[in-house]
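*Asks:*
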Ligand code: DWN
Ligand code: ZN
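Numbering (this note's numbering), first residue to last: 46 to 461.
(1) Look at the Cβ atom of residue 65, then the Cβ atom of residue 95, and state whether they are nearer than 9 Å.
(2) Within 10 angstroms of the Cβ of residue 115, are there 16 or more other Cβ atoms? Answer buried if so, exposed if not.
(3) Which same chain residues, not among the five before or five after residue 183, have their C-beta less than 7 Å away from its C-beta?
(4) For the ligand ZN, is there any heavy atom lying closer than 8 Å to the beta carbon of residue 104?
(5) Which residue marks the beginning of the alpha helix (DSSP H) containing residue 432, and which one marks its end?
(6) Between residue 262 and residue 351, what straight-line distance do the alpha-carbon atoms span, to the nearest angstrom?
(7) Quick one: Cα of residue 383 to Cα of residue 407, how far?
(8) Could you tell me which of 321, 72 and 98 sits nearest to residue 271, measuring between CA atoms?
(9) Any heavy atom of the ligand ZN inside 8 Å of the beta-carbon of residue 335?
(10) Residue 170 by DSSP, collapsed to three states: which one?
(11) Would residue 276 pass as a contact of residue 239 if the rule is Cβ separation under 9 Å?
(12) According to DSSP, residue 214 sits in a beta bridge with which residue or residues?
(13) On the DSSP letters alone, give me the boundaries of the beta strand (DSSP E) that residue 52 sits inside.
(14) For residue 471, name the three-state secondary structure that DSSP assigns.
(15) Have a look at the DSSP bridge pairing and note the partners of residue 332.
(16) Would you tell me roughly how many angstroms separate the C-alpha atoms of residue 248 and residue 359, rounded to the nearest one?
(17) Just tell me which of 395, 421, 380 and 425 has its CA closest to the CA of residue 405.
(18) Using C-beta distances below 7 Å, list every residue in its chain close to residue 197, excluding the 5 sequence neighbours before and after it, in chain order.
(19) Flag this pair as yes or no: are the beta carbons of residue 195 and residue 167 separated by less than 9 Å?
(20) Does any heavy atom of the ligand GTP sit closer than 8 Å to the C-beta of residue 277?
(21) With DSSP collapsed to three states, give me the class of residue 441.
(22) Out of 438, 252, 397 and 348, which has the shortest C-alpha to C-alpha gap to residue 420?
(23) Just grab the DSSP bridge partners of residue 139 for me.
(24) Whose C-beta lies closer than 7 Å to the C-beta of residue 353 among residues of the same chain, with five residues either side of it excluded?
(25) I'd like the list of long-range same chain contacts for residue 165, defined as Cβ closer than 7 Å, with 5 residues on each side in sequence excluded.
(26) Using a 10 Å radius around the Cβ and a threshold of 16 neighbouring Cβ atoms, would you call residue 362 buried or exposed?
(27) Out of curiosity, what's the CA-to-CA distance linking residue 69 and residue 225?
(28) Which residue from 290, 444 and 451 puts its Cα closest to that of residue 310?
(29) Does the Cβ-Cβ distance between residue 461 and residue 423 come in under 9 Å?
(30) Leaving out five residues on either side along the sequence, give the residues of the same chain with a beta carbon under 7 Å from the beta carbon of residue 357.
(31) What residue range is occupied by the uninterrupted beta strand (DSSP E) comprising residue 179?
(32) Residues in its own chain within less than 6 Å of residue 28 by CB, not counting five upstream and five downstream?
(33) Let me know the secondary structure DSSP gives residue 357 once reduced to three states.
(34) Looking at the structure shown, is residue 272 part of a helix, part of a strand, or coil, going by DSSP?
(35) Which word fits residue 67, buried or exposed, when buried means at least 16 other C-beta atoms lie within 10 angstroms of its C-beta?
(36) Less than 8 Å between the CB atoms is what I'm expecting for residue 92 and residue 48, so what's the real figure, rounded?
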């Protein structure tokens with residue numbers, strides 16, 4: 046079995062401590078967005094160990110390995126605009142950024158701008174928005190729409206160059222990107238270089254406590270190197286004289302936090318931030334027990350999902366999947382669910398259609414397959430959009446179709 050090019054971490058990526066504790070192992074899995082062309086189905090796929098550890102000093106939860114980002118991110122299957130709820134979410138974020146921090150004409154940079162899903166509303170609302178995006182296929186989509194995007198990995202060199210060419214940024218935004226970056230201290234230095242004196246970094250990351258509480262272990266895959274809570278983020282930004290001054294919990298991707306970071310001493314800490322820091326501290330009073338319990342809940346969820354699927358199969362139900370998500374590929378591989386169980390997975394992303402899921406080789410098809418194959422039950426691998434999907438697939442539901450919502454424990458929806 047070929048290994049993806051990866052290196053093993055021997056110290057924490059935020060604080061450098063070598064005291065670390067591994068609490069979850071999901072086996073050796075293929076890369077979560079490495080969908081397979083049917084002609085290449087017989088070729089071996091790149092795999093790497095999928096294990097999670099926590100730093101015993103700063104608390105950062107992180108993978109034990111780092112897969113070469115060139116392999117994962119230069120050509121990237123996930124296009125944010127394919128999910129309608131994300132378009133609405135980022136329109137709201139653009140409104141907030143412009144109103145709070147970036148008056149008309151302000152220079153705003155988005156790191157990991159994907160297909161331009163946030164650049165578009167930022168521009169419509171009067172900001173001078175520039176994207177930085179390493180995936181060539183996605184940067185090309187944004188540029189073709191006139192949403193200016195430089196095709197690079199963000200770091201201190203790019204930040205200094207942009208500042209020299211275009212001036213300091215009032216806001217740098219980073220949505221669902223900090224988890225993907227190995228060199229977090231470099232990112233902090235790059236932000237320090239690019240932001241104006243009163244500039245603000247606004248970033249969203251999936252929140253560790255939502256992951257733990259709802260057993261969202263499937264959001265663990267090689268793209269996500271870190272699983273954040275506030276304490277290690279505060280340690281990180283303090284390294285460059287910056288500090289979090291506000292935080293908000295947002296519902297995206299199973300529960301995320303939106304953080305606001307500025308230069309120390311420029312802005313007062315909000316009660317929302319103080320409160321959440323205190324809550325985290327109390328919840329982690331016995332951290333070893335918290336992570337041990339989580340690992341046990343992961344194993345229990347796997348067992349329950351396999352049991353539900355086996356029962357439906359033996360009752361003669363036709364089964365499929367909905368949403369060829371990255372996290373779905375963790376779930377399918379870890380639970381050993383393949384094409385003998387799910388005959389296809391429906392997904393709206395043109396890029397994924399016609400391909401096979403990594404490792405498990407389930408065909409990804411467009412939504413017309415649902416009418417053609419008439420599954421009785423679909424495993425909802427995009428559970429983070431459950432409400433929107435159940436509402437939109439009203440025809441499927443009206444003829445009796447149901448979904449397995451897999452987390453925190455599998456259950457059938459809608460209720461009957
Ligand atoms: O950080 C990351 C997050 C933000 O996105 C990544 N590393 C990769 C990716 O994770 P994911 O693939 O788990 O993300 P989503 O947003 O849950 O993916 C949804 C998938 O479902 C897309 O392929 C589009 C599809 N979809 C669909 O077919 N019908 C989505 C909706 C809302 C729908 O109605
Ligand atoms: Zn640490």
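Glycine included, C-beta positions come from ideal geometry on N, C-alpha and C.
*Replies:* The structure says:
(1) no
(2) exposed
(3) 121, 124, 159 and 160
(4) yes
(5) 431-437
(6) 16 Å
(7) 6 Å
(8) 98
(9) no
(10) coil
(11) no
(12) 240
(13) 51-53
(14) Nothing can be reported for residue 471, as the shown portion of the chain is limited to 46 through 461.
(15) According to DSSP, which records beta bridges pairwise, residue 332 is partnered with nothing at all.
(16) 46 Å
(17) 380
(18) 177, 179 and 203
(19) no
(20) This structure lacks the ligand GTP; the ligands present are the ligand DWN and the ligand ZN.
(21) helix
(22) 438
(23) Residue 139 pairs with nothing; no bridge assigned.
(24) 449 and 455
(25) 192
(26) exposed
(27) 19 Å
(28) 290
(29) no
(30) 364 and 422
(31) Here residue 179 belongs to no beta strand (DSSP E), and DSSP marks it neither H nor E.
(32) What is shown of the chain runs 46 to 461, which leaves residue 28 out entirely.
(33) helix
(34) strand
(35) exposed
(36) 6 Å
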